[in-house]
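**Q** Structure provided below as C-alpha cells; questions to follow.
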Amino acid sequence: MQEYLLMIVAAMFINNIVLIRFMGNCPVVGVTSSVDSALGMGAAVVFVTTMAGTTCWIIQKTILEVLGIEYLQTLVFILVIATLVQFVEILMQKVAPPLYRALGIFLPLITTNCMVFGVSVLNIKEEHSFMETLVFSMASAVGFAIVLLFMAGLRERMDSAGRVPKLLQGVPITLITAGMMGLSFAGLMGLD
Amino acid sequence: MGPVLTAIVTVGAMGMLASLILGVAAKVFYVYVDPRIGQVGDLLPGANCGGCGYAGCTDLAAAIVQGNAPANGCKAASPEVAANIATLLGISVEAGERQVAQIFCRGDAAHAERKFIYKGIKDCRAAQLVSGGDKACTYGCLGLGTCVEACMFNALHMGANGLPEVNTDLCTGCGNCVKICPRHIPRLIPISQMAATYCSSHDIGKVVKEICEVGCIGCGLCKKVCPEKAIELDKFLSVVDPTKCNGCGKCFEKCPTGVIQAVVLTSKSLKMAA
Numbered sequence: 001m002q003e004y005l006l007m008i009v010a011a012m013f014i015n016n017i018v019l020i021r022f023m024g025n026c027p028v029v030g031v032t033s034s035v036d037s038a039l040g041m042g043a044a045v046v047f048v049t050t051m052a053g054t055t056c057w058i059i060q061k062t063i064l065e066v067l068g069i070e071y072l073q074t075l076v077f078i079l080v081i082a083t084l085v086q087f088v089e090i091l092m093q094k095v096a097p098p099l100y101r102a103l104g105i106f107l108p109l110i111t112t113n114c115m116v117f118g119v120s121v122l123n124i125k126e127e128h129s130f131m132e133t134l135v136f137s138m139a140s141a142v143g144f145a146i147v148l149l150f151m152a153g154l155r156e157r158m159d160s161a162g163r164v165p166k167l168l169q170g171v172p173i174t175l176i177t178a179g180m181m182g183l184s185f186a187g188l189m190g191l192d
Numbered sequence: 193m194g195p196v197l198t199a200i201v202t203v204g205a206m207g208m209l210a211s212l213i214l215g216v217a218a219k220v221f222y223v224y225v226d227p228r229i230g231q232v233g234d235l236l237p238g239a240n241c242g243g244c245g246y247a248g249c250t251d252l253a254a255a256i257v258q259g260n261a262p263a264n265g266c267k268a269a270s271p272e273v274a275a276n277i278a279t280l281l282g283i284s285v286e287a288g289e290r291q292v293a294q295i296f297c298r299g300d301a302a303h304a305e306r307k308f309i310y311k312g313i314k315d316c317r318a319a320q321l322v323s324g325g326d327k328a329c330t331y332g333c334l335g336l337g338t339c340v341e342a343c344m345f346n347a348l349h350m351g352a353n354g355l356p357e358v359n360t361d362l363c364t365g366c367g368n369c370v371k372i373c374p375r376h377i378p379r380l381i382p383i384s385q386m387a388a389t390y391c392s393s394h395d396i397g398k399v400v401k402e403i404c405e406v407g408c409i410g411c412g413l414c415k416k417v418c419p420e421k422a423i424e425l426d427k428f429l430s431v432v433d434p435t436k437c438n439g440c441g442k443c444f445e446k447c448p449t450g451v452i453q454a455v456v457l458t459s460k461s462l463k464m465a466a
C-alpha cells in the first residue's frame, strides 16, 4: 500500500508531468484562462490518460510482446489514444453538452497532448505492473489537472488585479508564472 | 507468418476494431442537432470572422435558430442572405443598411512627415510600440498593412501610395480591420454616405499643417458652407453626418486641404446603394 502512496505523491508532485517532465504544455497555456474550462479539461485528461495508460499496457503485454512487435509501440499507442479521445468526444457531446462546448477545440487536441502518450510509454519503460500502471497514469494526470487548476486560478486573479504591464499580458506572464511554478515544484525534489 | 505480415495484420486488425467501436459509439450516443442550424450555417458566409459577436458562423446559426440573434445578425452577409435565412425560418428581417470600411487617412509618403525611419517588424501594432510609430502625425496611417492581413474577404490591399485601399464590392463591413488597427484608421460608414473627411487627426490646425499636407486642420469652412448642417467639428476634425448629407459637394470646393471628399465606391456597390 505504501509503495502506491509513494508513487502517487511522486507522480503528482515530485515528478510532475508538466512542470518537471515538460509534457503537455500546450493546454497549460491554452485552456487556463478560466477555472471552469481548466477543470473540464483536467477531468477529460484524467479520464483519457487513465484509460489510455491501462489500455496501452494491456495491448503491450498481450499483443505486442507476445508477437514480438514492440517496435510498433508508438504507432499502436497513438491509435489507441486517438480512438479513446474520439470516443470521449462523442460521449461528452451526448452526456455533457455545456462541457463539450466549453472545451471546444481542446478536446480533439488531447489526441496530440504528448502527456497522454508520454505516460503510456513511461509505464512500459519503468516496467510497471497493471495496478502500478493504473495508479501511475491516474496520478500523473491528476498532477497535470492540478497544475492546470493552479494556473487558471493564478491567471484569473492576475486578470482581475489588472496590474500586469501591457507587454507582459496574456501568454508572456503565463509562461513566467509556469516557470515560477516549476521552480517551486522542483523544491519538492528529494522527497522520495 | 513473417514478421512483416504479423505487423500488418495486427495493426490492421486493431485499426478495424477501433473504427468499429467509434462507429457503434456514434450511433449509440447520437445527439439530435436541429437540422435548421446546419441549413442556416450553410447560408452564412462561413468565414468565422467573428464580426457578429459570436464565436463563429455555427454559433451564430444556432443563435438565429433559437431566436437569440436576428436573421441579419451576420454583418458579412448580403441582405439577400438575411432574407433567405428569414424565409427558411419563417421570421421577418429588420432592414439594416450595409456598411463598408473606409480608410480615414490620406497622408502618404509624399504628403506626410516621418519622425524617423522604422525598420522593425512589418506590423502596424509593432510599429506603434516604437516611440508611438514613425509617422509624425500620431493619428495617421502607419501603412504596414496589418488591416490588409486582417481582412478575410480580400477587400483591402495596399495602394501604390503606401496606404490601404478598400474594394467596396468585397468589403462586408465585418469590422476586423477597424478592431486590429492600433490607430483605428479604417472605420465603417453606411454605404449610402456621400461625403467623408478622410482624416483622423484631432490635432490643432497648426500642428497638422506642419506635418501633413492633406490633413483636416479643423478650420470649420465645410461646416459654414454646408446647407444641410450635416458637418460638425469634433476636436479639430470635421465629421459628416450621413443622415443629413445630400452630397451637394459645396464643402469639397471650400476645403483648403481637400480632405473632405466624395465617398468613392466601386461600380457594383454603387448599384446596390442606389
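Just so you know, the sequences run in chain order A and B. Using the numbering used here, the letters of the first sequence map in sequence onto residues 1 to 192. Using the numbering used here, the letters of the second sequence map in sequence onto residues 193 to 466. For every residue, glycine included, the Cβ atom is placed at its ideal position computed from N, Cα and C.
So which residues of chain B does F87(A) contact, with C-beta pairs closer than 8 Å?
**A** What F87(A) touches in chain B: I213, L214, A217.
**Q** Under the DSSP definition of a beta bridge, which residues are partnered with T389(B)?
**A** Per DSSP, I452(B).
**Q** Using a Cβ cut-off of 7 Å, pull out every chain A residue sitting near V203(B), in sequence order please.
**A** The contacting residues are L72, L75, V76.
**Q** Whole angstroms are fine: how far does the CA of T458(B) sit from the CA of N359(B)?
**A** So the alpha carbons of these two residues sit roughly 7 Å apart.
**Q** Of all the CB atoms in chain B, is at least one closer than 9 Å to the CB of G40(A)?
**A** Output row for G40(A): interface = no.
**Q** For the structure I just gave you, are there three or more beta carbon pairs, one from the stretch 343-360 of chain B and one from the stretch 400-412 of chain B, closer than 8 Å?
**A** Too few Cβ pairs lie closer than 8 Å, so no.
**Q** Quick check on M51(A): does DSSP put it in helix, strand or coil?
**A** It is helical.
**Q** Excluding the 5 residues preceding and the 5 following C56(A) in the sequence, name in chain order all residues of the same chain whose CB lies nearer than 6 Å to its CB.
**A** Once the five neighbours on either side are set aside, the close Cβ partners of C56(A) are F77, V80, S120.
**Q** Buried or exposed, going by whether 16 or more other CB atoms sit within 10 Å of the CB of M1(A)?
**A** Exposed.
**Q** Restricting to Cα atoms, I'd like to know which of L188(A), G182(A), D159(A), S140(A) is closest to A43(A).
**A** That would be S140(A), whose Cα lies nearest to the Cα of A43(A).
**Q** Who does K327(B) pair with in a DSSP beta bridge?
**A** In DSSP, K327(B) forms a bridge with R306(B).
**Q** Would you say K125(A) lies against chain B (beta-carbon separation less than 9 Å)?
**A** For K125(A), the answer is no, since every Cβ of chain B falls outside 9 Å of its Cβ.
**Q** From the DSSP output, in three-state form, read off A466(B) for me.
**A** Since pLDDT at A466(B) reaches only 45, below the 50 mark, its modelled position is unreliable, and no value is offered.
**Q** Can you tell me the Cα-Cα spacing of E424(B) and G324(B), whole angstroms?
**A** So the two alpha carbons sit approximately 28 Å from each other.
**Q** What number of angstroms, rounded off, separates the C-alpha of A466(B) from the C-alpha of G439(B)?
**A** Low per-residue confidence applies at A466(B): pLDDT is 45, beneath 50, and the placement is therefore not dependable, though the value from the model is reported in the following sentence. Roughly 14 Å between the two C-alpha positions.
**Q** Could you give the DSSP three-state label for Q73(A): helix, strand or coil?
**A** If DSSP states are grouped into helix, strand and coil, Q73(A) belongs with the helices.
**Q** Classify T364(B): buried if its beta carbon has 16 or more other beta carbons within 10 angstroms, exposed otherwise.
**A** With 16 or more Cβ atoms within 10 Å of its Cβ, T364(B) is classed as buried.
**Q** Nearest chain B C-beta to P97(A) closer than 9 Å, yes or no?
**A** Interface residue, yes.
**Q** Determine the extent of the beta strand (DSSP E) in which L467(B) is found, giving its start and end residues.
**A** The question about residue 467(B) has no answer, for chain B in this structure spans 193 to 466.
**Q** Within the 9 Å Cβ cut-off, does I20(A) reach chain B?
**A** Not closer than 9 Å to any Cβ of chain B, the Cβ of I20(A) fails to qualify, so no.
**Q** Comparing the C-beta of P172(A) with each C-beta of chain B, is any distance below 9 Å?
**A** Chain B contact via Cβ: absent.
**Q** Taking buried to mean at least 16 other C-beta atoms within 10 Å of its own C-beta, is K267(B) buried or exposed?
**A** Label assigned to K267(B): buried.
**Q** Just to make sure I have the definition right: I need the residues of chain B whose C-beta is within less than 7 Å of the C-beta of T54(A). Which are they?
**A** The contacting residues do not exist; T54(A) stays about 16 Å from chain B at best.
**Q** Could you pull the DSSP bridge partners for S430(B) from this structure?
**A** Beta-bridge pairing links S430(B) to L425(B).
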